[in-house]
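Asker: The structure is given below, and queries will be raised subsequently.
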Amino acid sequence: MFSIITSMAIFAFIGAVSPGPVNIMATSSSVNFGFKRTLPHVFGASMSYAAIVLLVGLGLSQLLSQNPQITDALKYIGAAFLLYMSYKIATAAADDSEAIENKRAPTVLEGGLAQGLNPKAWLVSMSGVSIFVTPNDPSSLYVVIFSLLSFIICLLGVGTWAVAGSIISEMLSEKRHQVTFNRIMGVLLSLTVVSIFL
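Each residue of the sequence shown is one higher than the last, beginning at 1225 in my numbering.
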């Protein structure tokens, strides 16, 4: 059992730290609002991913594979949401610290939505469940363990990207550099949408 849990943790870690929409949003949020104010996004994304793993492990992947129109709808809704977030990030102005305090940072719900509508999250969870959960026992202990591990490791993975954003923000003392950074992050996030359809 220990070797399976270790393998689950490694798999979850690779998925959590690899570049993707949620991680790009965490970095951008941390640059613009600071690490502490980005934590709700990190927590929401992590809770959402753990829920996805649990749902897939309990059989949702079979429903999705039997009804590809649901997967297609998720893909288009996710793409629209990510393009909207790309626009918000790319057009974000650089503000002084007082203006930033008055702006609303991403919420738990937005972090959860970003992850829930992220096709990468669904694909990674479906792959992981197919590897670590036996099809004969969908309600097994392994589904719960994999979900809990996914939550903890997603917190660490997305949190790492938020820490990176906090470090980057110290290098963006000039407003024009922050605006340029926001535009680059917006473009990168929109490019993840392209990868959804490849």
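No residue lacks a Cβ here, since even glycine has one placed at the ideal position from N, Cα and C.
Which complete beta strand (DSSP E) runs does the segment 1352-1417 hold, if anything under 3 residues is left out?
Answerer: Qualifying beta strand (DSSP E) stretches: none in this window.
Asker: Please confirm whether G1268 and T1331 have their CB atoms less than 8 angstroms apart.
Answerer: It is a contact, given that the beta carbons lie within the stated cut-off.
Asker: Taking 8 angstroms as the cut-off, does the segment 1294-1308 touch the segment 1405-1420 (at least 3 CB pairs, one atom from each stretch)?
Answerer: Taking 8 angstroms as the limit for Cβ pairs, the verdict is that the segment 1294-1308 does touch the segment 1405-1420.
Asker: Report all residues from its chain with a CB closer than 6 angstroms to the CB of A1318; omit the five preceding and five following residues, and keep chain order.
Answerer: K1399, Q1402 and V1403.
Asker: Expressed to the nearest angstrom, what Euclidean distance is found between the alpha-carbon atoms of Q1290 and L1284?
Answerer: Spanning the two alpha carbons is a distance of roughly 10 angstroms.
Asker: Are there 16 or more other CB atoms within 10 angstroms of the CB of F1257, so buried, or fewer, so exposed?
Answerer: Under this definition F1257 is a buried residue.
Asker: Comparing alpha-carbon positions, which option in S1242, I1229, M1225 and T1230 lies nearest G1381?
Answerer: Out of S1242, I1229, M1225 and T1230, S1242 has the C-alpha closest to the C-alpha of G1381.
Asker: Would you report the Cα separation of R1328 and V1387, rounded to the nearest angstrom?
Answerer: In a straight line, the C-alpha of R1328 is about 19 angstroms away from that of V1387.
Asker: Buried or exposed, going by whether 16 or more other CB atoms sit within 10 Å of the CB of P1245?
Answerer: It counts as buried.
Asker: So which of G1389, S1371 and M1225 has the shortest CA-CA distance to F1405?
Answerer: It is G1389.
Asker: Roughly how many angstroms lie between the CA atoms of C1378 and I1228, to the nearest whole one?
Answerer: Cα-Cα distance, rounded: 18 angstroms.
Asker: Out of V1280, P1343 and L1337, which has the shortest C-alpha to C-alpha gap to V1357?
Answerer: The shortest Cα separation from V1357 among V1280, P1343 and L1337 belongs to V1280.
Asker: Enumerate in chain order the residues of its own chain whose CB-to-CB distance from A1314 is below 7 angstroms, with the five nearest sequence positions on each side excluded.
Answerer: Cβ neighbours of A1314 beyond the five flanking positions: N1406, R1407, G1410 and V1411.
Asker: Please report the straight-line C-alpha distance between Y1273 and F1235, rounded to a whole angstrom.
Answerer: Their backbone Cα atoms lie some 14 angstroms apart in a straight line.
Asker: Just to confirm, is the Cβ distance from I1420 to A1303 under 8 angstroms?
Answerer: A contact, by the Cβ cut-off of 8 angstroms.
Asker: Rounded to the nearest angstrom, what separates M1271 and Q1286 at their Cα positions?
Answerer: Their backbone Cα atoms lie some 22 angstroms apart in a straight line.
Asker: How is the alpha helix (DSSP H) around K1312 delimited, first residue to last?
Answerer: Looking at the DSSP string, the run of the alpha helix (DSSP H) that includes K1312 is P1292 to A1314.
Asker: Mapping the DSSP letters down to three states, classify K1344 as helix, strand or coil.
Answerer: K1344 falls in the helix class under three-state DSSP.
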